[in-house]
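Single-structure report; data block below.
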Amino acid sequence: MKMSEMFFTTLRETPSEAEIPSHQLMLRAGLMRKLASGIYNYLPLGKRVLKKVEEIVREEMDKTGAQEILASALLPAELWKETGRWNVFGPEMFKLKDRNEREFCLGPTHEEIFTDIVRNEIKSYKQLPFNLYQIQTKYRDEKRPRFGVMRSREFIMKDAYSFDKNWDGLDISYKKMYDAYCAIFDRCGLKYWVVDADTGAMGGKDSNEFMVPSDVGEAEVVYCDECGYAANVEKAPCVNRAIHAEDVEKEIKKVATPDVKTVDELMHFFNTTADRFVKTLIYSIDGKAVAVMLRGDREVNITKLQNLFKASDIEMADRNTVESVTGAEVGFAGPININVDVLVVDDEVAHMKNFIIGANETGYHYENVNYGRDFKADVVADIRNIEVGEPCPKCGKPINIARGIEVGHIFKLGTKYTEALGATYLDENGQEQPIIMGCYGIGINRTVAAIIEQHHDDRGIIWPMSVTPYHVIIVVASNYQPEQIQAAEKIHDELAARGIEVLLDDRDERAGVKFNDADLIGIPIRITVGKKISDGMVEFKRRDKAESIDIPINDIVNKVIDEINRELA
RNA sequence: CGGGAUGUGGCGCAGCUUGGUAGCGCGCAUGGUUCGGGACCAUGAGGUCGCAGGUUCGAAUCCUGUCAUCCCGACCA
195 MKMSEMFFTT LRETPSEAEI PSHQLMLRAG LMRKLASGIY NYLPLGKRVL KKVEEIVREE
255 MDKTGAQEIL ASALLPAELW KETGRWNVFG PEMFKLKDRN EREFCLGPTH EEIFTDIVRN
315 EIKSYKQLPF NLYQIQTKYR DEKRPRFGVM RSREFIMKDA YSFDKNWDGL DISYKKMYDA
375 YCAIFDRCGL KYWVVDADTG AMGGKDSNEF MVPSDVGEAE VVYCDECGYA ANVEKAPCVN
435 RAIHAEDVEK EIKKVATPDV KTVDELMHFF NTTADRFVKT LIYSIDGKAV AVMLRGDREV
495 NITKLQNLFK ASDIEMADRN TVESVTGAEV GFAGPININV DVLVVDDEVA HMKNFIIGAN
555 ETGYHYENVN YGRDFKADVV ADIRNIEVGE PCPKCGKPIN IARGIEVGHI FKLGTKYTEA
615 LGATYLDENG QEQPIIMGCY GIGINRTVAA IIEQHHDDRG IIWPMSVTPY HVIIVVASNY
675 QPEQIQAAEK IHDELAARGI EVLLDDRDER AGVKFNDADL IGIPIRITVG KKISDGMVEF
735 KRRDKAESID IPINDIVNKV IDEINRELA
C-alpha cells in the first residue's frame, strides 16, 4: 500500500479530550475518530487492527469446535420480557420502537437470542453439546462512557454460548473456552491475569475474568505472588483474625461526643486508631432498611452485600431514612436499639474487642462494646473489601492489589436462561431437561486498547506482530531521488508478492516526518531506503529496538520474512 | 445520577475581567529554496466564536436557558 494513496492522517498534537495513552494514540495515529461520546468511527488502520484481533479470536474459537453464527443486533422486546431483563437492564439498553409501535432494543448482550435460537432447533440429547459464537456490535447506553474505546456505548464483542446436557459437560465446555482465551490473549501479546470473578447479574456458578494489568483499568485485582491466587476485589474473600485478642472485655460505657461524627473526628476525640471503631452504615436494599457494620477503616463490598441479599437494588439510605431508623443525626448510628429490617455485621467485627460505636443518640457513642455481649446481628457475613497486605485467602501470605482492564469474561450460567425461555431437550429416558449453558465474552475494541496500553512508548504505538495493521513500513528517505523510489517499490512488490503486509511511505514529506509517523503508528519493522542505496544497502530497524542495521538490498526480503515468521510462530 | 471543568477554522490555544475590525502556532493550498528524526520564505483558502433567547446603538465578551464534550464519584452481561 502506498501511503501517498492511503486514507490516513496523523495528528501532531494530542486532542485535549483524550486522557490515557491508548485513547490518545488511537486518535493521533489515525486509527479512529470520535462521532459522539462513546461512539467511534474506525479508519483504515484501525479497522485492520480490529480485523487482526477478530481473526485471532475466530481461529482459536474454531479450534475448539465452536461454530460462528451472526445474530441480529436489532432485537424484539418480547424475549427480554420473558427473562425479565427488559427492566433489569433499564436505561442502559438502547430501546426503540418500529413504525407500528412495537418495542425493540439494540442488543447489549445476546443470552436471550442465542437461547431462543437453540430452543427452536434443539430437541434431543443427541444434538448436545455445542458452542455457538458471533463477533458483533453491541450497544450499551453507559452512564459514563470513558477513556475512548475502553468503555464505549457501541463496541465489538465476541460472545459465545455453550449448551450442554449436564454440569459435567459444562465444565468441559468451560475449560475449552478458558484455554482458548489464554491462547487468544497470548497471541495478542498481552500479559494478563485470570481472576476469580463474581457472577453478578448474569447469574450462574463459576466465573473468571481475563484482566490486563494497567493503571487505567477500572477493575481492582487481588493477587498473591506466593501462590498465584488472583481475584476481582468484588469476589476475594476476607480472612479475619481476632484483633486486640489480648484485651479483656471491659464494661460498656456511654460517652458524650458532641459534634464528633466521622471516623477521623472520632480517632481524634478518643485518641486512638480507626481499627478501634465500628461504623454502622444504613443501606436501602430492595426497599428494606439494612444496617451494615464494619470496622472504621474498611470499605463495604457492594457485590458481596448484593449476593448476600440476592438483591437487585442497593443504595445508601438518604439522610431522612438514617435519622428515622437511628433516631439521631447522621454520624451517630449504632446497632443498639436501631430500627432496621436487617442488621448485618461484617465477620471482622465479630473478631474485635472493646470497640467504639454510635449510640443512636445525637452526641453520644459507646465504648468498650463487644459483639455478642452487647448486641447481636441478624447476619454475620463477609461484606467488606479485602485490603493490601491482608492474608491471601488461599495461602495466607500478604496479598497485593492492582488495577486491571477486563478484556474477557467467562461464566458458567447454568439454567438461568434456558429455564426462563424453556430451552429444553429430551434425555435418554425421554425426560425433559433444561439445557445447561455457559457464556463467554471478549471485548474486541477494548482488547486493542489494552494492547496499546501495554505496548507503547513516548513516540507512539509498538504493535506486536500478530495484530499490527501492517508488518513492514518502507520509508523512502528522499522522494526526489528516483533511485530510492525504484528500490523501495521493488522491495515493496517483492514483499507483497510473498504475502507480507507492507506500507510504502512515498509521501512527499521530509524523512523526519516519515520516521515520526512510522513510530507513531507503530509498525514493527521499518526499512529505510536512503543514500546507502548507491552501495546496495538499506536500513533495517525494529520499532521496539533503538539500533538499526544495514542490509544488502538483495537480502532484505528474506530478512524481513524470517523476522516476521519467527515472531508469529 | 451527584460534583467539577470546557465549548472560538481540521488539531492545540489566546482574546472575555474593562462590549466596538476574530487572532496565534500547527496542519491545508500555490510558488520557490531545501531534503535522514515533525524545514524555510512568500502568497492564500478556511470560523454564523456550541445553540436559543435577552440586555445594548453594537455581544466571542454581560445575563438567562439549553445542548455537547471531558474528568472525579456512583453505577456497570
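Residue numbers for the first sequence follow the numbering used here, so the first one is 195 and each next one is one higher. Positions of the beta carbon are idealized from the N, C-alpha and C atoms, including for glycine. For clarity, every value in this text was computed on a predicted model and none was experimentally measured.
Non-local C-beta neighbours of V574 in its own chain, meaning closer than 7 Å and more than five positions away in sequence, comprise V539, D541 and A544, ordered along the chain.
Rounded to whole angstroms, the gap between the alpha carbons of R381 and I250 is 7 Å. Counting only the Cα atoms, E440 lies some 50 Å from F341. Note on geometry: alpha-carbon atoms of I378 and T515 lie some 50 Å from one another. Going by beta carbons, P587 and P452 fall outside the 8 Å limit. Residue state for C376 is assigned as helix, using DSSP reduced to three classes.
Contact between I476 and A483 is confirmed by a C-beta separation of about 6 Å, below the 8 Å threshold.
In the three-state scheme derived from DSSP, where H, G and I count as helix and E and B as strand, M287 is classed as coil.
Apart from the 5 residues on each side of it in sequence, D362 has no Cβ closer than 6 Å to any other Cβ in its chain. With a beta-carbon spacing of about 25 Å, E295 and A614 fall beyond the 8 Å limit used to define contacts.
The closest CA to that of D699, considering only H686, S672, K726 and I668, is found on I668. Runs of beta strand (DSSP E) with 3 or more residues, each lying fully within the region 390 to 429, are found at 401 to 407, 413 to 417 and 424 to 426, listed in chain order.
Fewer than three pairs of CB atoms, one per stretch, sit closer than 8 Å, so the region 384 to 393 makes no contact with the region 549 to 557. Per DSSP, G637 is one residue of the beta strand (DSSP E) stretching across I630 to G637. Counting only the Cα atoms, T309 lies some 36 Å from E647. When Cβ pairs closer than 8 Å are counted between the two stretches, the region 444 to 459 is seen not to touch the region 619 to 629, the count staying below three.
By the Cβ neighbour-count rule, Y674 is exposed, with fewer than 16 other Cβ atoms within 10 Å of its own. The region 496 to 506 and the region 253 to 273 do not touch, with fewer than three beta-carbon pairs separated by less than 8 Å. In the three-state DSSP reduction, L615 falls in the helix class (H, G or I). Under DSSP, the beta-bridge partners assigned to R489 are V472. With a threshold of 16 other beta carbon atoms within 10 Å, C418 meets it and is buried.
The region 240 to 281 is shown to contain whole alpha helix (DSSP H) runs of 4 or more residues at 271 to 277, in chain order. Counting along the chain, the unbroken beta strand (DSSP E) around A575 starts and ends at V573 to A575. A direct Cα-to-Cα measurement between D572 and V536 gives close to 6 Å. If you check the CB distance, P302 and R334 come in under 8 Å.
When beta bridges are read from the DSSP output, S478 appears opposite A483 and E509.
Under the Cβ criterion (8 Å, minimum of three pairs), the region 222 to 234 counts as touching the region 341 to 350. The beta strand (DSSP E) runs lying completely inside the region 685 to 734 and spanning 3 residues or more are 696 to 699 and 719 to 723, given in chain order.
The residue from I329, I743, G525 and D711 with its alpha-carbon nearest to that of E262 is I329. About 6 Å separates the Cβ atoms of N562 and K447, confirming a contact at the 8 Å cut-off. For I638, same chain residues with a beta-carbon under 8 Å away, outside a window of 5 residues either side, are L244, V247, E248, V251, I329, F349, I350, M351 and K352 in chain order. The three-state reading of DSSP puts G383 in coil, since its state is none of H, G, I, E or B. Within the same chain, and ignoring the five residues on either side of I719 in sequence, the residues whose Cβ sits closer than 8 Å to its Cβ are H665, V666, I667, F734, K735, R736, R737, V754, E757 and I758.
Scanning its chain for C-beta atoms nearer than 8 Å, with the 5 sequence neighbours on each side dropped, one finds around I694 the residues H665, V666, V754, I755 and I758, in chain order. In this structure A763 is exposed. Its beta-carbon is surrounded by fewer than 16 other beta-carbon atoms within 10 angstroms.
Cβ-Cβ distances below 6 Å link D711 to T204 in the same chain, with the five nearest sequence neighbours on each side left out; the list follows chain order.
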